[in-house]
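*Asks:* Residue numbers (this note's numbering): 10 to 656. First, the structure itself, so that you have it in front of you.
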RNA sequence: GCUGGUGUAGCACAGUCGGUAGUGCAGCUGAUUCGUAAUCAGCAGGUCGUGUGUUCGAGUCACAUCACCAGCUCCA
C-alpha cells in the first residue's frame, strides 16, 4: 500500500499506525494531534491498511483544534465522574473556541465547584492516561451503558442506525461512548480552563429535562490560553450593554418593563441621523415612503396568517378569544399594512416594481429570558420595506436589495463582519409553514440561484427550518462581543401573502396576475444596529455618525463668546457641536471629552482667538496642531461627507 | 419560559457574627482664570430593587416578586 504525506510518501506491506508511518518520515512532532486520512479525521494511532492520502494536523488546523478540545471534554467528564459519581453523562462536543459537556446531576455546579473540577482535570493530565478506542456490537454497547447506568448514552445508541459502528473511548477508569477521534493521551491537555456553567435542554428541546452544561476551553500551552482569556476580557469591555449605558446611549428602567430600553439623547441622535440617511438613500433608489398604523384589528392579522402562526409573539389589546368584542394587536411586522398601499387602487404592470419603504416600529412579545441590551428588545424600529414585483423583475430587484444592504452596512463598517445564511423551510414541519411544497421549492430554487450568482457558491450557509412562515430568507448575520449571532438584515421572497390579501395587477395581456413580494430591510433595526456599532467601535462611533462630533473648549472666560460663534458657524454647516464653557482647567475639559469619545476637540485660547485659528485635538491621535478655522472646517466636512470610518 | 448568577447614592464599589450605612468619581456651592487626560475647599445625596415573614432588632436570614447578566430554548 502507498501512503502519501503531501510531498513525501511511503510504501508498506503490513498495516501500520498513522503515527508510526509519519514517524518513519520524520514528520511527527509534539504539536501533531491527529490526521486527515482520505478525507476523514483520524487519531494518530489509527491503523492504515490500504492506500491513503494523509495530512497531519496540529492545533493550527481546524481538525486539530476540534480533536484537542473534544479530548478536553472527555477529560472534564472523567473529572466530573470522579468527584460526582452519580452524575449522568449526556454529550460533550468541541465547539468554536472550546468545548462543553452536558451532565445530569442533582448538585448545581457553582464557580467554586468548577475550580475543584478543573483541579481534578489537571491531576488526570499529569496521570498521562492513554486514550484507547474500542468497538462493541449494538446489543453489547447498550448493555454496557445500562450497566454503567448512563441512560442518555443508552438513548443515543438506540437512536443510531442499525449498521452504525459503535465506538467507545477509554482513558484510565473512564469510558465514554464517542465517535472520536481523540488524542493519544491526556498529557497534551496542559492548558485547560472551565469558563462557565449553565443550563441546557437535553437534545436542545424545551420539552426535555434541563441538564447542566459546563463550558471550557483548552489550548496546547498556558500562554495561548492566557492570551485567549485576555482577548475575551477585552471583547467584553466593548459590550454595548455596558458601554452604551456608560456613555449614555440608553438605559433601562425596572418599572417600564423588560426589553423596553430608554434611548438617551446620544442614542436617539445617532438613530435619528441613521434613519434620515436610510430614508434619503432609499428615496434615491426609487423607494416610496409610507407610514402605516402601529396596530390593527384581530381580523386583519387573521388574514395575514399572523394570528395563527404568531399569536404568542404579539401584544394583544383586549381578549383574543372573545369574538364578540373588538380586539386589537400591536403589529409584529409591517407587511400587511404596507400591502394596503398597493391595494389602494387598481394596479397595472406599469406600476411595478413598486418599492415601499417605511421606518417601522414593531412590537414582539419575546420570552422573558430573550432580551439583551439593545440587541433583542420588545419594541424596535426597523428600516422595513416591501417590493411588489412582476415575476420577471424578481432577480433584478433581489439583487438591488442585496446591493442596498451591502452599501448601507459598508458605510457603517459592519459589512466585513457579516456572514450569510440561506434560511429554508423544513418540509417535515408543514404545520409551521404556509403554502405547498411546489411553491417552496420554486421560491427556494430561485433564491438559491440568485445567491450563487451574487454571493458565490459556498459563501453562505444553509439553515433548515429557519425560514419565515411565508417564504425563504437570506439572513445577513453578525456576532456580538460574546460571540452570539444575530440577524442584522434579512431579505425574503414571499409567494404567498399577496394572494391572501387579494393583491393583483393587470399585465400587458390584460390578465390578472398575482405579484411576487420581497420583504427586506436595508440596514436592519436601528436599536440592534446601534448596539453592534457601539461594539465594533468600542463606543467611539465614526465622526459621521457620532452624536456629538466636535466639542469646543475655551481656555478662559475671554474666549467664550468667540467659541460660541465658532460653534454656531459649524452648526450652520450641519455639524453637531457643543461648547464646554465650564470654569475648569483645559486638562479637565479634555479628559471629560476624551472619556465621552468626542471625535474632535477644538482648544481655543488667546492665540487662536486673535489669529482666527483652532487647536485641534483628535480623540484618537491627540493634539494634531493648530490650523485656520477654514481649514478645520474643510477637514471635518470631508470626513463627514465621505463617511470616513477611520475618524 | 428554563438553569445559574447579580441587585447598597447618578457611576464603580466597601459594609465582619443580624445591632440602625461608608469610600472614590460624578453633582451642587465657593475660591481659583488656568494651554492638551483629573485645581482646592465645603455641601448635599440612600425606603440597601420591591413585598411579606423570622427576630427585641434585617443591607445582612427565609419566601415571593421585579429588573439586570450569561447560557439554553425561541427569534415572522
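Note that beta-carbon positions come from the ideal geometry of N, C-alpha and C, so glycine has one too.
#1: Taking residue 171 as the reference, which of 148, 159 and 193 has the closest Cα?
#2: Using beta-carbon positions only, say whether residue 108 and residue 96 come within less than 9 Å of one another.
#3: When we look at the beta-carbon of residue 661 and count the other beta-carbons within 10 Å, is it buried (16 or more) or exposed?
#4: Where DSSP assigns a beta bridge to residue 632, which residues make up the other side?
#5: Tell me the DSSP bridge mates of residue 259?
#6: Can you find the residues in the same chain that come closer than 6 Å, C-beta to C-beta, to residue 181, ignoring five residues on each side of it along the sequence?
#7: Helix, strand or coil for residue 52 per DSSP?
#8: Does DSSP classify residue 599 as helix, strand or coil?
#9: Using a 10 Å radius around the Cβ and a threshold of 16 neighbouring Cβ atoms, would you call residue 351 buried or exposed?
#10: Residues in the same chain with beta-carbon distance under 6 Å from residue 417, minus the five sequence neighbours each way, listed in chain order, please.
#11: Taking contact to mean at least 3 C-beta pairs separated by less than 8 Å, is the stretch 451–464 in contact with the stretch 496–512?
#12: To the nearest angstrom, report how far apart residue 55 and residue 134 are at their CA atoms.
#13: Which residue comes first and which comes last in the beta strand (DSSP E) that contains residue 13?
#14: Would you mind giving the Cβ-Cβ distance between residue 42 and residue 67, rounded to the nearest angstrom? I have them listed as a contact below 8 Å.
#15: Span of the beta strand (DSSP E) holding residue 62?
#16: Can you tell me where the alpha helix (DSSP H) holding residue 619 begins and where it ends?
#17: Along the chain, where does the alpha helix (DSSP H) containing residue 80 start, and where does it finish?
#18: Counting Cβ pairs closer than 8 Å, one from the stretch 540–549 and one from the stretch 292–312, do we hit at least three?
#19: Can the beta-carbon of residue 387 be found less than 9 Å from the beta-carbon of residue 272?
#20: Can you check which of these residues, 105, 158, 327 and 243, is closest to residue 224 by C-alpha distance?
#21: Under three-state DSSP, which class holds residue 367?
#22: Identify every residue that forms a DSSP beta bridge with residue 432.
#23: According to the Cβ coordinates, are residue 129 and residue 88 closer than 9 Å?
#24: Roughly how many angstroms lie between the CA atoms of residue 90 and residue 254, to the nearest whole one?
#25: I need the boundaries of the beta strand (DSSP E) containing residue 461, first residue and last residue.
#26: Suppose contacts are defined by Cβ-Cβ distances below 9 Å. Is residue 142 in contact with residue 52 by that definition?
#27: Could you say which of 612, 437, 244 and 466 lies nearest to residue 628 if we only look at CA atoms?
#28: Is the number of C-beta pairs between the stretch 597–617 and the stretch 561–572 that are closer than 8 Å three or more?
#29: Under the rule that 16 or more other beta-carbon atoms within 10 Å means buried, what is residue 213, buried or exposed?
#30: If I'm right that residue 430 touches residue 470 with Cβ under 8 Å, what's the distance once you round it to whole angstroms?
#31: Please report the distance separating the alpha-carbon of residue 455 from that of residue 404.
#32: With 16 as the cutoff for other CB atoms within 10 Å, does residue 568 come out buried or exposed?
#33: What would DSSP say about residue 558, mapped onto helix, strand or coil?
#34: What three-state label does DSSP hand residue 356 in the structure shown?
#35: Does residue 343 come out as helix, strand or coil in the three-state DSSP assignment?
*Replies:* Taking the coordinates as given:
#1: 148
#2: No, Cβ-Cβ distance for residue 108 and residue 96 is not below 9 Å.
#3: Any answer about residue 661 is impossible in this case: the structure gives the chain only from 10 up to 656.
#4: 626
#5: 272
#6: 138
#7: Judged by DSSP in its simplified three-state form, residue 52 adopts coil rather than helix or strand.
#8: Residue state, collapsed to three classes: helix.
#9: buried
#10: Same-chain partners within the cutoff: 531 and 532.
#11: At 8 Å Cβ cutoff, the stretches touch.
#12: Distance between the alpha carbons of residue 55 and residue 134: 22 Å.
#13: 11–14 is the span of the beta strand (DSSP E), which, as asked, contains residue 13.
#14: 6 Å
#15: 61–66
#16: Start and end: 615–620.
#17: 71–92
#18: no
#19: If you check the CB distance, residue 387 and residue 272 do not come in under 9 Å.
#20: 105
#21: strand
#22: 472 and 482
#23: yes
#24: 43 Å
#25: It is not in any beta strand (DSSP E) - residue 461 instead sits in the alpha helix (DSSP H) that spans 446–463.
#26: yes
#27: Considering only alpha carbons, the answer is 612.
#28: yes
#29: exposed
#30: 5 Å
#31: 8 Å
#32: Burial state of residue 568 is buried, judged by a 10 Å Cβ sphere holding 16 or more other Cβ atoms.
#33: Three-state DSSP puts residue 558 in coil, outside helix and strand.
#34: Secondary structure at residue 356: coil, using DSSP grouped into helix, strand and coil.
#35: coil
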